[in-house]
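Top line first, the protein sequences correspond to chains D and C. With the numbering used here applied, the first sequence corresponds to residues 1 to 370, in that order. With the numbering used here applied, the second sequence corresponds to residues 1 to 357, in that order. Note that beta-carbon positions come from the ideal geometry of N, C-alpha and C, so glycine has one too. Values in this document were obtained by computation on a predicted structure and should not be read as measured data. Notes follow the structure.
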Amino acid sequence: MIELLDTMFRYSAVVCCLLIAVLAIRDARCQLAGRLAATLSICTSAFLMITAPGMGLIIGSWMVVLEVIGMATPAVFWLFSLSLFDDKFSIKPLHAIVVGLFWFSGFAVVAEYYYLYGHFAAMSPVELHSAVREAGTWFPVSNGIGSMLKVGMMGHVLYTAWQGRDEDLLEGRRRFRATFVVGGSVIMGVVVFSLSSASRLSPEDVRLVDVAISAAVMVIVFYLLMNVTRINSDWLLGDLTGKTPNKIADAPDPTDALDLARLNDLAANAALLEQGLTIVRLAEIAKMPEHRLRRLINQHMGFRNFSDFLNHHRIEAAKDRLADTGERHTPVLTIAMDMGYGSLGPFNRAFKERTGQTPTEFRRGFLASA
Amino acid sequence: MADFPPIDLAEMFFRFSGISLFCLLGILILRDFENRQIAWLGAWASASGASYLICTSPTLNSFFGASMLLVQVFCHSGQLAIWLFSLSQFRDKLRLWPTYILIALAFYIWQRMYFDWLRFEDSIIALTSAVLYAVARFSLIAHMLYVAWDGRGDDLVEARRRFRTIYIVTVSIAVLAVVISETVFDQQDLQNANILMFQSVGMWLLSAVLVWQITNLRKTALFDGPSGSRSGQTSVPNDPNERHDLETVERLIETEELYLKPGLTIAGLAAEAGLPEHRLRRLINMHLGYRNFADFLNHYRITAAKSRLSSIDERNIPVLTVAMDLGYGSLGPFNRAFKERVGLTPTEYRRKKLADS
Numbered sequence: 001m002i003e004l005l006d007t008m009f010r011y012s013a014v015v016c017c018l019l020i021a022v023l024a025i026r027d028a029r030c031q032l033a034g035r036l037a038a039t040l041s042i043c044t045s046a047f048l049m050i051t052a053p054g055m056g057l058i059i060g061s062w063m064v065v066l067e068v069i070g071m072a073t074p075a076v077f078w079l080f081s082l083s084l085f086d087d088k089f090s091i092k093p094l095h096a097i098v099v100g101l102f103w104f105s106g107f108a109v110v111a112e113y114y115y116l117y118g119h120f121a122a123m124s125p126v127e128l129h130s131a132v133r134e135a136g137t138w139f140p141v142s143n144g145i146g147s148m149l150k151v152g153m154m155g156h157v158l159y160t161a162w163q164g165r166d167e168d169l170l171e172g173r174r175r176f177r178a179t180f181v182v183g184g185s186v187i188m189g190v191v192v193f194s195l196s197s198a199s200r201l202s203p204e205d206v207r208l209v210d211v212a213i214s215a216a217v218m219v220i221v222f223y224l225l226m227n228v229t230r231i232n233s234d235w236l237l238g239d240l241t242g243k244t245p246n247k248i249a250d251a252p253d254p255t256d257a258l259d260l261a262r263l264n265d266l267a268a269n270a271a272l273l274e275q276g277l278t279i280v281r282l283a284e285i286a287k288m289p290e291h292r293l294r295r296l297i298n299q300h301m302g303f304r305n306f307s308d309f310l311n312h313h314r315i316e317a318a319k320d321r322l323a324d325t326g327e328r329h330t331p332v333l334t335i336a337m338d339m340g341y342g343s344l345g346p347f348n349r350a351f352k353e354r355t356g357q358t359p360t361e362f363r364r365g366f367l368a369s370a
Numbered sequence: 001m002a003d004f005p006p007i008d009l010a011e012m013f014f015r016f017s018g019i020s021l022f023c024l025l026g027i028l029i030l031r032d033f034e035n036r037q038i039a040w041l042g043a044w045a046s047a048s049g050a051s052y053l054i055c056t057s058p059t060l061n062s063f064f065g066a067s068m069l070l071v072q073v074f075c076h077s078g079q080l081a082i083w084l085f086s087l088s089q090f091r092d093k094l095r096l097w098p099t100y101i102l103i104a105l106a107f108y109i110w111q112r113m114y115f116d117w118l119r120f121e122d123s124i125i126a127l128t129s130a131v132l133y134a135v136a137r138f139s140l141i142a143h144m145l146y147v148a149w150d151g152r153g154d155d156l157v158e159a160r161r162r163f164r165t166i167y168i169v170t171v172s173i174a175v176l177a178v179v180i181s182e183t184v185f186d187q188q189d190l191q192n193a194n195i196l197m198f199q200s201v202g203m204w205l206l207s208a209v210l211v212w213q214i215t216n217l218r219k220t221a222l223f224d225g226p227s228g229s230r231s232g233q234t235s236v237p238n239d240p241n242e243r244h245d246l247e248t249v250e251r252l253i254e255t256e257e258l259y260l261k262p263g264l265t266i267a268g269l270a271a272e273a274g275l276p277e278h279r280l281r282r283l284i285n286m287h288l289g290y291r292n293f294a295d296f297l298n299h300y301r302i303t304a305a306k307s308r309l310s311s312i313d314e315r316n317i318p319v320l321t322v323a324m325d326l327g328y329g330s331l332g333p334f335n336r337a338f339k340e341r342v343g344l345t346p347t348e349y350r351r352k353k354l355a356d357s
């Protein structure tokens, strides 16, 4: 039961981290913050995997690969948070030295285990540490350096976040600074407490703490994911009314303007009234590539469908003819055929949708008032 | 809790990731599409993807216990949700009520009747209803694919046109796999470990492709262009109220040279301008384009410093005095800010300017 809960939170957190990494690489790889976010997400997911109970038994020596990636998490977190809170952040030699030292202090423990036992450790970091602590000589040094750097980096980042609060002009980030400082301090407190009292906890309690940690990580990661992602643009919305063309891009560039003029010209010369006109055919008539034509009609005329575009022009022309007293005896069917419709049904539907009246009602109303 | 089936971690990994990706998708769709019909359908379809992964896993079934009843509603209506979502996604102007809703209701009732009752009747009824049920399911898929495919030529929204193809391929493979496996195998066969693995990997892939396709990073404080000091987007506010506020701030800074005041804080400037602090922050960020207040101040201060340092009359005034006059408390911050903007230290700058003139 507990295992299942832990697995659920842990794996969900892993996949959310990987998703952030993938999206950051795809959409923000040109920015330092984007690259750091991707690195941090990858490190965090490796960390979540190595701390999973029993993971060492399943993947064996592969643990060491994940371990090497996962143990950089605090250092990458430090860099990432600095880039988030400090607008002028760039990685300087000092940063690289601190990160390198921290990473090396972690690697030293892994290496010492190999030196002691002749094979790589297939166990979680906590188990690894206790195994090396018992037998190793260098452990106090590497562990001491690692812990000191960890506390120092965390302190530094909390200080940076808090200190820039007053200066910050981005409202969302300003609010996030406070959340970050409070949340970070609480997590620090919990970690310090659990490390100092780890030996006094029973195995069940340890497992409970594990679940609580993976649940907390899951919540945090999901919250971040919600904050940094959104649904791609607005095309997926679907146009519910259909009548109003959606926003029209202003100021077409000169080529587009020429094409647009040609298209308007064609529309004025009844080219759109051809029966069974398709976008391929219109592209032929207008002598432009099909994809250009699509883009033009969508972005500069604001239609989402080719048929909407056709109907718009055809119904306008139909209204003129229906309102013409000279043509009052021409059957609606004839007009529909002249407008390029194959039968009366689609014409009536399109007409009603745009004007709110059937063609016959429209004509009657118009002739009555004329 | 010893009677839980053993957990296959790899299988569980794909299953849980699939569930969380579907949940994410649903929540994002609901949030970003606001209160529109298609948002609810999309969220429903995502929820049924997640619940399918729960319903088909014996481990999760026993884990959820009584709450499975709720999960099952989503699971059973999954195909309908995907069908209705596809229709409203790919047909602009589609009205679901009454035709499509009634068809969906009829399908759901028929499905429940078939599963809870008809298939246990004598063989003829069971067989006929099984055939009818299968026909109904495949027709829904066929209709959905037809709608997605049919509108392709007509569609002018380029991204949606590309998405149609991907959607058709992924969703139809997934739905077909589910429907065929449920039609061909019976319930017991479906709990075979290989099939469970196949299901979870398949649904995981589907959710990953959809998330990849339809989400992207928001422009937030985090990923917002090059992290320079000034984003360069200064804009004139449309709102007259804001325009007056902006004029006040510009007058205070440029004419009354308030930026020279030592230790000027955002609260101090807000008090001078008679604006609430949060308005002032927004104003400087949105309309003057600075990401933090120090940048904003430094911009004016360093401009003033440059003119004083290049003036011949003032060549004997110590840099410290200039810094103090400009409102800096000490030389360090002034030097840093100067170098960052100009690329030279104040002393180098003065020497160069005096040499030039």
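task = Assign C:I317 to one of three DSSP states: helix, strand, or coil.
result = coil
query = What does a CB cutoff of less than 7 angstroms around C:Y300 pick up in its chain, not counting 5 residues either side in sequence?
reply = I253, Y259
Residues near D:D64 in its chain [Cβ-Cβ closer than 6 angstroms; skip 5 each side] = Checking the sequence, you will find Val at residue 64 of chain D rather than Asp. Here the set comprises F120.
request  = Please name the residue in D:G70, D:G118, D:E134, D:D86 whose C-alpha comes closest to that of D:F104.
outcome  = D:G70
inquiry  = Starting from D:I231, trace the beta strand (DSSP E) in both directions and tell me its first and last residue.
reply    = 229-231
Cut-off 8 angstroms between Cβ atoms - residues of its own chain near D:W138, not counting five sequence neighbours on either side = A108, E112
key: Cross-chain neighbours of D:T355 in chain C, by beta carbon under 9 angstroms   = The premise fails here: D:T355 is roughly 15 angstroms from chain C at the closest Cβ pair, so nothing lies under 9 angstroms.
Chain C within 8 angstroms of D:L240, Cβ atoms only = With a pLDDT of 36 at D:L240, under the threshold of 50, the modelled position of that residue is not reliable, and the figure given next carries that caveat. Interface residue, yes.
inquiry  = Measuring only the C-alpha atoms, how far is D:V141 from C:Y167?
reply    = 56 angstroms
ask   = Quick one: does D:G60 have its CB under 8 angstroms from some CB of chain C?
value = no
inquiry  = I'd like to know whether the C-beta of D:S369 is nearer than 8 angstroms to at least one C-beta of chain C.
reply    = no
request  = Ignore the nearest five residues each way along the sequence and tell me which others in C:P237's own chain have a CB closer than 7 angstroms to its CB.
outcome  = R243, L246, H287
message = Given this structure, state the Cα-to-Cα distance separating C:W44 from D:R177, to the nearest angstrom.
response = 35 angstroms
request  = Flag this pair as touching only if the segment 287-302 of chain D and the segment 336-353 of chain D have three or more C-beta atom pairs under 8 angstroms; answer yes or no.
outcome  = no
query = With 8 angstroms set as the bound, which would you pick, yes or no: does the beta-carbon of C:S17 sit closer than that to a beta-carbon of chain D?
reply = yes
Chain-ordered chain C contacts of D:C17 [CB-CB under 8 angstroms] = None at all; the shortest Cβ gap to chain C is about 11 angstroms.
request  = Flag this pair as yes or no: are the beta carbons of D:V221 and D:A13 separated by less than 8 angstroms?
outcome  = yes
ask   = If you run the structure through DSSP and keep just helix, strand and coil, what is D:T160?
value = helix
CA-to-CA distance, C:L176 to D:F180, given in whole angstroms = 46 angstroms
message = Please report the distance separating the alpha-carbon of D:D324 from that of D:R354.
response = 19 angstroms
ask   = What are the start and end residues of the alpha helix (DSSP H) that includes D:L310?
value = 306-322
ask   = What are the residues of the segment 149-161 of chain C that lie near chain D, defined by any Cβ-Cβ distance shorter than 9 angstroms?
value = G151, G153, D154, D155, L156, V157, E158, A159, R160, R161
request  = Would you mind telling me which residues of chain C sit closer than 7 angstroms to D:E167, beta carbon to beta carbon, in chain order?
outcome  = N292, F293, A294
Closer than 8 angstroms to chain C by CB, D:F306 = yes
query = What's the call for C:L280, buried or exposed, on a 16-neighbour Cβ count within 10 Å?
reply = buried
Where C:T215 sits in the DSSP three-state scheme = strand
key: Residue(s) in a DSSP beta bridge with C:D116   = DSSP output for C:D116 lists no bridge partner at all.
Chain C contacts from the segment 26-43 of chain D (Cβ-Cβ distance under 9 angstroms) = R26, D27, A28, C30, Q31, L32, A33, G34, A37
key: Residues near D:R165 by beta carbon distance below 8 angstroms, same chain, minus five either side   = R174, R177, A178
key: Extent of the continuous alpha helix (DSSP H) run through D:V99   = 93-117
Helix, strand or coil at C:D155 [DSSP, three-state] = strand
ask   = Quick one: is C:T248 near chain D, going by C-beta distance under 8 angstroms?
value = no
query = Taking Cβ positions, are C:T215 and D:L18 nearer each other than 8 angstroms?
reply = no
key: Start and end residues, alpha helix (DSSP H) containing C:W44   = 37-55
ask   = Between D:S12 and the ligand PLP, is the CB less than 7 angstroms from at least one heavy atom?
value = This structure does not include the ligand PLP; it has no bound ligands of any sort.
task = Taking 8 angstroms as the threshold, find out whether the segment 1-12 of chain D comes into contact with the segment 198-215 of chain C through three or more Cβ pairs.
result = no
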